[in-house]
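Beneath this line is the structure, given in structure tokens, with notes to follow.
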Amino acid sequence: MSFSASLVIGVVVLGLAHACIRVEPPTGEQPNEPDGRMNRQNKTHLFAITGDWPPYSYINEVTGASEGFMHMLIAETCRVCGRQCDIVLIKSWSVCWDGEELSADGLMDRHFDACPGYSPTFTRMNVLKFAGGIQKDVGGQIYARADSGITSMADLSKGKLGVRKFWNLQQDCLRARGFPINDDDVVMREFGDWSDMIDALRNGDFEAVLVQTDSVTPENMSGLVAVGDVLYCKEGPSGVMSRKDVDMEWFAQCLRELQSDGTFSTLCRNWNIKDCVDVYAPEAF
């Protein structure tokens with residue numbers, strides 16, 4: 000398998016860069032696909048990822064190459080299926096899905112076929128579809144500063160709630176779970192990681208934040224108060240997100256092959272990826 004990461008211009012309009020992980024079809028026996036459709040001879044499947052999502056996708060500072068867990072997972076899955084696949088590096092998550100505009104311009108304009116690592120939510124499922132099971136939903140938790148006066152979900156209107164842009168832990172999840180909240184009480188901002196968001200809370204940018212539970216440690220939560228119960232904002236595990244008229248079930252099937260033979264769990268261990276989906280778990284299908 001060849002896994003190069005030389006960057007070339009992919010789509011000028013969106014300012015996309017290509018990091019090719021072209022996978023040559025193996026000569027061995029291939030798994031059966033839905034309806035017996037292989038149709039892989041001339042098709043190159045394009046997967047869009049940002050380059051600032053370590054350890055899933057990032058630029059190696061020494062080699063300048065793009066690499067990460069998601070790159071390897073796509074390469075292995077395409078190898079099992081005998082598919083030709085490339086990765087497209089995008090400059091912003093909003094090219095795949097813009098939660099404010101409820102748009103998916105890169106997918107809708109067919110600049111690429113799928114965006115890996117996305118989970119189904121009510122708003123996304125209205126316009127897009129999902130295949131495969133990569134990671135389980137670890138849930139989110141609201142934390143408030145002790146001096147904010149926010150001690151319950153009913154108190155959220157007493158201050159600003161910080162949510163992470165391009166993530167699923169946002170106000171629409173709260174509303175879907177029965178907690179009405181006004182957009183005026185929400186500050187949506189792009190953060191490099193969850194710790195940056197917690198630092199902004201401590202600095203007084205807002206009175207509370209909705210963060211992913213696996214980002215919480217006793218050290219970074221010192222002096223903060225948990226508000227309400229853990230929120231689960233996804234309708235299933237993360238997988239690949241595509242237009243509704245793009246068939247990505249082949250990816251889901253070949254991912255299950257990797258989960259069955261142990262390759263997937265090995266990748267998860269090697270890249271220290273937590274909460275990977277077990278092939279036998281119901282949410283994997």
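Numbering that gives the first Met the number 0 puts the first residue of the sequence shown at 0, with every later residue one more than the last.
All residues carry an ideal CB built from backbone N, CA and C; glycine is no exception.
Fair warning: this is a prediction, and the values are worked out from it, not measured in the lab.
Considering only the alpha carbon of each residue, which of the options lies closest to residue i?
i, options, result
"A74", "F263, R268, C275", "F263"
"K157", "R174, I141, D184, W166", "D184"
"A113", "N167, S147, Q140, T49", "T49"
"F121", "V87, Q140, Q169", "Q169"
"L155", "I141, R163, G116", "I141"
"V251", "T76, R176, C84", "According to the sequence as given, residue 251 is Ala; it is not Val. It is T76 whose Cα lies nearest to the Cα of A251."
"P119", "D182, I197, S241, R201", "S241"
"E99", "K128, L230, K164", "K164"
"G227", "C253, I149, L200", "I149"
Run through DSSP, which three-state label would residue i get?
i, result
"E100", "coil"
"H354", "Only positions 0 to 284 of the chain appear in the structure, and residue 354 is not among them; the question remains open."
"R174", "helix"
"Q211", "strand"
"C95", "coil"
"M121", "It should be noted that the sequence gives Phe, not Met, for residue 121. F121 falls in the helix class under three-state DSSP."
"D112", "coil"
"G238", "strand"
"M128", "Going by the sequence as given, residue 128 is Lys instead of Met. K128 falls in the strand class under three-state DSSP."
Any idea if residue i is buried or exposed, counting beta-carbon neighbours within 10 angstroms, 16 or more meaning buried?
i, result
"P236", "buried"
"N271", "exposed"
"A54", "Per the sequence shown, residue 54 should be read as Pro rather than Ala. So P54 ends up on the exposed side."
"R123", "buried"
"N167", "buried"
"I20", "Its pLDDT being 41, under 50, I20 is placed unreliably in this model, and the value from its coordinates should be taken loosely. Buried: at least 16 other Cβ atoms inside 10 Å."
"R78", "buried"
"M107", "exposed"
"P33", "Reliability fails at P33, whose pLDDT of 43 lies under 50, so the model's placement of it is uncertain and the value that follows must be treated cautiously. So P33 counts as exposed."
"G65", "According to the sequence shown, residue 65 is Ser rather than Gly. The residue in question, S65, is buried, as its Cβ has 16 or more Cβ neighbours within 10 Å."
Taking just the CA atoms, how far does residue j sit from residue i?
i, j, result
"G105", "A145", "42 Å"
"R268", "G261", "11 Å"
"C172", "S259", "33 Å"
"H44", "K243", "15 Å"
"K159", "F205", "5 Å"
"F178", "G138", "16 Å"
"F190", "C80", "36 Å"
"I180", "V186", "12 Å"
"S56", "L209", "24 Å"
"G131", "C84", "16 Å"
"C275", "M152", "30 Å"
"V126", "R82", "26 Å"
Could you pull the start and end residues of the beta strand (DSSP E) that residue i belongs to?
i, result
"M286", "No answer is possible for residue 286: the residues shown for the chain start at 0 and end at 284."
"R56", "Here residue 56 is Ser; the residue named in the question, Arg, does not match the sequence. Element bounds for S56: 56-58."
Along the chain, where does the alpha helix (DSSP H) that runs through residue i open and close?
i, result
"I197", "193-201"
"T150", "Per DSSP, T150 belongs to no alpha helix (DSSP H) and is neither H nor E."
"R268", "262-269"
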